[in-house]
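Trainee:
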Amino acid sequence: MFDEGDFTIDLWVDPPLLNALFEGARDIAGKLDLTSVMGEVNELRARVSDRINAIPSVGGGRYFTYAIDSSFPPSPLELVGGVLTVVAYGYVGQVGGRTDRYVTGDVLYEDSSDLNKSIEVLSKIREREMAARLLRDKLKGRRSMDMIILDGEIYVHPLPYNLPAHEGVRRRVEDVLEVMLNLAERTRTTIVGVVKRVRSRYLSIYINHCLSVNDKLIASLLLNKGEYIDLGHYGEILPKWIQVNYMDCEVKRGMSKDEAERRFNEGLENLKRVFNGDGGRLRGIPKVADTRLVFYKAPVTAVATKLEVLDLGGLGIPNIVGYLSSQTTNTGYPYLLDLVDTYVRVDSRLLDYVKTLLTKYAGLDVEDNRVKELVNTLLQLTNPQKAYLYRQMEG
């Protein structure tokens with residue numbers, strides 16, 4: 013029996029807040045229907061056992077591979093004149109026993125409350141632009157590679173679930189995806205997305221009703237260490253998922269059956285246009301349909317890893333999974349992805365350096381004291397109480 017009196021915490025928390033934390037945690041724990049989840053796992057295992065295989069042994073040096081990632085501070089620097097942040101992006105490659113790495117970045121300064129949203133999309137665009145750069149080098153014979161590993165989905169949200177876009181940031185996403193995928197096809201390079209934050213419930217299609225928890229949790233319970241499951245192509249999965257999502261998941265959330273039917277039919281039409289385009293400006297991303305969805309559980313971790321695999325290099329799913337599993341660490345992700353993450357990681361205190369640079373550059377050629385005062389005002393923190401989060405370490 014859990015005794016709250018035996019619970020210790022190594023920081024000061026006001027008693028009323030601590031009591032609220034106990035009550036909140038107790039309420040959430042009471043809502044976790046763990047028996048139901050295990051029932052779903054058992055039901056699913058009976059349906060998909062033929063898709064589960066042992067992970068083959070494949071050496072970590074078998075393929076020439078590049079991992080690409082990006083990073084930005086958890087919170088931007090909010091100044092009187094706008095919002096300031098930094099995005100870093102780069103790659104690490106393992107090529108014939110040699111490590112190849114490169115990191116660069118952008119500074120963003122906008123008088124907008126939407127910067128938090130745009131920085132995420134921009135970082136993914138930059139990653140795919142970097143992948144295209146590597147692929148162009150391969151096309152010109154300057155670089156050798158068999159595989160590119162991306163941190164996250166290959167197809168940046170809202171793809172592959174929404175219509176191709178005419179304009180705006182979604183159109184920019186599609187444009188850079190199209191360039192990357194066409195170069196990958198021309199160079200016969202396999203693209204793998206290693207997905208960390210999983211909220212999908214695609215495994216629902218195998219039991220024809222909505223799972224109560226996400227795919228990553230279900231796969232972690234479904235697979236033993238050293239096993240993987242290949243769920244098939246998105247071209248097969250997504251139409252079935254749209255039906256389960258609208259006709260079961262959404263109905264259970266309160267959507268009327270008539271509305272669910274309408275949304276289901278609309279979703280199928282949208283998906284068709286994503287896969288095929290419409291012959292005009294909506295070109296679609298046809299390779300979405302050819303991308304396979306895979307989960308594996310490496311021998312060193314208790315949590316399954318989700319992969320999106322576009323095997324344009326013809327390496328084979330078993331070989332790809334075996335290769336990635338052989339270098340998977342206790343984080344649950346391939347070592348090469350962990351490595352590039354350390355290189356691109358951005359400390360929040362870096363923003364204070366950038367703010368200092370911006371202040372100096374903005375005032376370089378200014379002699380008017382009123383303009384100098386304006387520069388200083390523009391670059392003041394809107395919330396000075398939070399300055400400790402960003403302040404540079406004293407020498």
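Residues are numbered in this note's numbering as their position in the sequence shown, beginning at 1, plus a constant of 12. Glycine residues also receive a C-beta, built at the ideal position from the N, C-alpha and C atoms.
1. Determine the contact status of residue 387 and residue 371, defining contact as a CB-CB distance below 9 Å.
2. Between the alpha carbons of residue 91 and residue 330, how many angstroms are there, rounded?
3. Smallest Cα separation from residue 192: which of 231, 263 and 300?
4. Using the rule of at least 16 other Cβ atoms within 10 Å of the residue's Cβ for burial, across every protein chain shown, is residue 185 buried or exposed?
5. If you follow the beta strand (DSSP E) that residue 161 is part of, which residue opens it and which one closes it?
6. Where does residue 417 fall in DSSP's three states?
7. Would you mind reading off the limits of the alpha helix (DSSP H) that contains residue 307?
8. According to DSSP, is residue 131 part of a helix, a strand, or is it coil?
9. What is the DSSP secondary structure of residue 318, reduced to helix, strand or coil?
10. For residue 84, count neighbouring Cβ atoms within 10 angstroms of its own Cβ and tell me buried if that reaches 16, exposed if not.
11. Does the region 50 to 65 come close enough to the region 223 to 234 to have 3 or more Cβ pairs within less than 8 Å?
12. Let me confirm a value: residue 127 is counted as buried when at least 16 other C-beta atoms fall within 10 Å, else exposed. Which label applies?
13. Among 156, 59 and 25, which has the Cα closest to the Cα of residue 216?
14. With 16 as the cutoff for other CB atoms within 10 Å, does residue 279 come out buried or exposed?
15. Around the Cβ of residue 257, are there at least 16 other Cβ atoms within 10 angstroms (buried) or fewer (exposed)?
16. In chain order, which continuous runs of the alpha helix (DSSP H) of length 4 or greater are located wholly inside the region 313 to 383?
17. Provide the residue(s) that pair with residue 393 in DSSP beta bridges, ordered along the chain.
18. Please go through the same chain and pick out, in chain order, the residues whose beta-carbon is closer than 7 Å to the beta-carbon of residue 268, but skip the five residues on each side of it.
19. Only counting the same chain, and skipping five residues up and downstream in sequence, which positions put a Cβ closer than 8 Å to that of residue 69?
20. Can you grab the Cα-Cα spacing for the pair residue 309 / residue 239, in whole Å?
21. Let me make sure I understand the geometry here. Which of 322, 43 and 332 has the alpha-carbon closest to that of residue 197?
22. Report buried or exposed for residue 214, applying the criterion of at least 16 other Cβ atoms within 10 angstroms of its Cβ.
23. Excluding the 5 residues flanking residue 131 on each side, which residues of the same chain have their C-beta closer than 8 Å to its C-beta?
24. Looking at residue 102 and residue 82, is the spacing between their C-beta atoms short of 9 Å?
25. Check the DSSP bridge columns for residue 206 and list the partner residues they point to.
26. Taking contact to mean 3 or more Cβ pairs, one atom from each stretch, closer than 8 Å, check whether the region 72 to 80 and the region 339 to 351 are in contact.
27. What is the C-beta distance between residue 166 and residue 303, in whole angstroms, given that I count them as a contact (C-beta under 8 Å)?
28. Does the distance from the CB of residue 363 to the CB of residue 230 come in under 9 Å?
29. Would you list, in sequence order, the uninterrupted alpha helix (DSSP H) runs of no fewer than 4 residues that lie entirely inside the region 216 to 274?
30. Would you grab the beta carbon distance between residue 195 and residue 140 for me? Rounded to a whole angstrom, and I think it's under 8 Å.
31. Check this for me: beta carbons of residue 201 and residue 324, under 9 Å apart or not?
32. Just tell me which of 380, 356 and 389 has its CA closest to the CA of residue 118.
33. Classify residue 214 as helix, strand or coil using the three-state DSSP reduction.
34. Nearest-angstrom Cα distance between residue 390 and residue 27?
35. Locate the alpha helix (DSSP H) running through residue 39, then write down its first and last residues.
Mentor: In terms of the structure at hand:
1. On the sequence shown, residue 387 is found 375 positions in, with the first residue counted as 1. On the sequence shown, residue 371 is found 359 positions in, with the first residue counted as 1. Taking 9 Å as the Cβ cut-off, residue 387 and residue 371 qualify as a contacting pair.
2. Locating residue 91 in the sequence shown gives position 79, where the first residue counts as 1. Locating residue 330 in the sequence shown gives position 318, where the first residue counts as 1. Separation of residue 91 and residue 330 (C-alpha to C-alpha, rounded to the nearest whole angstrom) is 51 Å.
3. Locating residue 192 in the sequence shown gives position 180, counting from the first residue. Minimum Cα distance to residue 192 is reached at 300.
4. As a working note, residue 185 is residue 173 in the sequence shown. Its Cβ being crowded by 16 or more others within 10 Å, residue 185 is buried.
5. Position 149 of the sequence shown holds residue 161. First-last of the beta strand (DSSP E) with residue 161: 159 to 163.
6. Outside the displayed span of the chain (13 to 407) sits residue 417, for which this structure offers no information.
7. Your numbering for residue 307 matches position 295 in the sequence shown. Where residue 307 is concerned, there is no enclosing alpha helix (DSSP H), although the beta strand (DSSP E) it sits in stretches over 304 to 309.
8. For the purposes of this step, residue 131 is identified with residue 119 of the sequence shown, where counting begins at 1. Looking at residue 131 - three-state DSSP - the assignment turns out to be helix.
9. Numbered from 1 along the sequence shown, position 306 holds the residue referred to as residue 318. If DSSP states are grouped into helix, strand and coil, residue 318 belongs with the strands.
10. Taking the sequence shown and counting its residues from 1, the one referred to as residue 84 is at position 72. Flag for residue 84 reads buried.
11. yes
12. Mapped onto the sequence shown, residue 127 falls at position 115. Counting Cβ neighbours within 10 Å, residue 127 comes out buried, since at least 16 surround it.
13. In the sequence shown, counting from the first residue as 1, residue 216 sits at position 204. Minimum Cα distance to residue 216 is reached at 59.
14. By 1-based counting over the sequence shown, the position of residue 279 is 267. So residue 279 ends up on the buried side.
15. Start at 1 with the first residue of the sequence shown, and residue 257 comes out as number 245. Buried: at least 16 other Cβ atoms inside 10 Å.
16. DSSP runs (the alpha helix (DSSP H)) wholly in the region 313 to 383: 329 to 338, 347 to 356 and 362 to 374.
17. For the purposes of this step, residue 393 is identified with residue 381 of the sequence shown, where counting begins at 1. 91.
18. In the sequence shown, the residue the question calls residue 268 occupies position 256. None.
19. Indexing the sequence shown from 1 puts residue 69 at position 57. 334 and 338.
20. In the sequence shown, the residue the question calls residue 309 occupies position 297. In the sequence shown, the residue the question calls residue 239 occupies position 227. Spanning the two alpha carbons is a distance of roughly 6 Å.
21. Counting from 1 along the sequence shown, the entry for residue 197 is found at position 185. Closest by C-alpha distance to residue 197, out of 322, 43 and 332, is 322.
22. Here residue 214 refers to the residue found at position 202 when the sequence shown is read from its first residue. With 16 or more Cβ atoms within 10 Å of its Cβ, residue 214 is classed as buried.
23. Against the sequence shown, residue 131 aligns to sequence position 119. Once the five neighbours on either side are set aside, the close Cβ partners of residue 131 are 84, 88, 97, 99 and 120.
24. The residue you call residue 82 lines up with position 70 of the sequence shown. The residue you call residue 102 lines up with position 90 of the sequence shown. Going by C-beta atoms, residue 82 is nearer than 9 Å to residue 102.
25. Numbered from its first residue, the sequence shown carries residue 206 at position 194. Under DSSP, the beta-bridge partners assigned to residue 206 are 163 and 319.
26. yes
27. Here the question's residue 166 lines up with position 154 in the sequence shown. Here the question's residue 303 lines up with position 291 in the sequence shown. Right, their Cβ atoms sit about 6 Å apart.
28. Locating residue 363 in the sequence shown gives position 351, where the first residue counts as 1. Locating residue 230 in the sequence shown gives position 218, where the first residue counts as 1. Not closer than 9 Å, so no.
29. 227 to 234 and 246 to 256
30. Translated into positions along the sequence shown, residue 195 becomes position 183. Translated into positions along the sequence shown, residue 140 becomes position 128. About 10 Å; that fails the 8 Å criterion.
31. The count along the sequence shown starts at 1 and reaches residue 201 at position 189. The count along the sequence shown starts at 1 and reaches residue 324 at position 312. Taking 9 Å as the Cβ cut-off, residue 201 and residue 324 qualify as a contacting pair.
32. Here residue 118 corresponds to residue number 106 of the sequence shown, with the count starting at 1. Of 380, 356 and 389, the residue nearest in Cα terms is 356.
33. Mapped onto the sequence shown, residue 214 falls at position 202. Looking at residue 214 - three-state DSSP - the assignment turns out to be helix.
34. In the sequence shown, the residue the question calls residue 390 occupies position 378. In the sequence shown, the residue the question calls residue 27 occupies position 15. About 40 Å.
35. Counted from its first residue, the sequence shown places residue 39 at position 27. That run of the alpha helix (DSSP H) goes 27 to 43.
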